[in-house]
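This report refers to the structure that appears directly beneath it.
Numbering (my numbering), first residue to last: -7 to 172.
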């Protein structure tokens, strides 16, 4: 090897051993994408938890809802039952409400429904309602034909008429009430 070739070879060897600036920058810049990824994962988990928490809102037949009303008092829940004859239209705090009695298995619960009733809403046609328990009598409850008269009522704002198998509970069908 001549002297010039040997010098070039040594220079090339030294260049390969010299640390490159771009590699050092990549190590430092790796923190931000990892942090963003972890933050995104945490946000996704929180959104899923909230969504699935709301999705776990299942319904109770009236008799179960009455039995569990103390533990359900502060929570929204869905209830299924059959409206009894004697539905009353009245106002509560300036808003139009329907007051009626819901029944399943000869257990009654008074209801004050705020908002539009479902299209097929009629006495004897099972409905699914969503609302909260209130430890007061509903307005105009003295006019109900089959009142529960227990000092409680369900304040609801969502109503769906039971028209197919989508709302069946473990008991499959609602037990009829003696007033039907």
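Cβ coordinates follow ideal geometry from the N, Cα and C atoms, glycine included.
Could you give the distance in angstroms between the alpha-carbon of residue 33 and the alpha-carbon of residue 71?
Computed Cα separation, rounded: 35 Å.
Rank 62, 90, -5, 22 by C-alpha distance to the C-alpha of residue 132 and give the top, closest one.
Cα-wise, what sits closest to residue 132 is 90.
Answer yes or no: do residue 76 and residue 115 have a C-beta to C-beta separation smaller than 8 Å?
It is a contact, given that the beta carbons lie within the stated cut-off.
Would you kindly check if the distance between the Cβ of residue 99 and the Cβ of residue 142 is under 8 Å?
In this structure, residue 99 does not lie closer than 8 Å to residue 142 by Cβ.
Measure the Cβ-Cβ separation of residue 96 and residue 140 and say whether it is below 8 Å.
No, the pair does not count as a contact, with Cβ atoms beyond the cut-off.
Rounded to whole angstroms, what is the Cα-Cα separation between residue 105 and residue 130?
Cα to Cα, residue 105 sits roughly 10 Å from residue 130.
One question on the structure: do residue 103 and residue 146 come within less than 8 Å of each other, judged by their Cβ atoms?
Their beta carbons are under 8 Å apart, which means residue 103 touches residue 146 by this criterion.
Which complete beta strand (DSSP E) runs does the stretch 22 to 57 hold, if anything under 3 residues is left out?
Entirely contained in the stretch 22 to 57, the beta strand (DSSP E) runs reaching 3 residues are, in chain order, 51 to 53.
Keeping to the same chain, check which residues put their C-beta closer than 8 Å to that of residue 127; ignore five residues upstream and five downstream.
The answer, listed in chain order, is 65, 143, 144.
Given this structure, state the Cα-to-Cα distance separating residue 150 from residue 25, to the nearest angstrom.
Roughly 44 Å separates the two Cα atoms.
Run through the DSSP bridge pairs and tell me what residue 95 is partnered with.
Note: residue 95 sits in a beta bridge opposite 74, 100.
Inspect the beta-carbon positions of residue 74 and residue 94 and report whether they are closer than 8 Å.
For residue 74 and residue 94, yes; Cβs fall inside 8 Å.
Report yes if the C-beta distance between residue 82 and residue 121 is below 8 Å; otherwise report no.
The answer is no: Cβ separation not under 8 Å.
In the DSSP output, what is residue 117 paired with across the bridge?
Paired residues: none, contrary to the question.
With DSSP as the reference, label residue 87 as helix, strand or coil.
Looking at residue 87 - three-state DSSP - the assignment turns out to be strand.
So, helix, strand or coil for residue 147, using DSSP?
Reduced to three states, the DSSP call for residue 147 is strand.
What would DSSP say about residue 127, mapped onto helix, strand or coil?
Residue 127 falls in the coil class under three-state DSSP.
With DSSP as the reference, label residue 134 as helix, strand or coil.
Note: residue 134 maps to helix in three-state DSSP.
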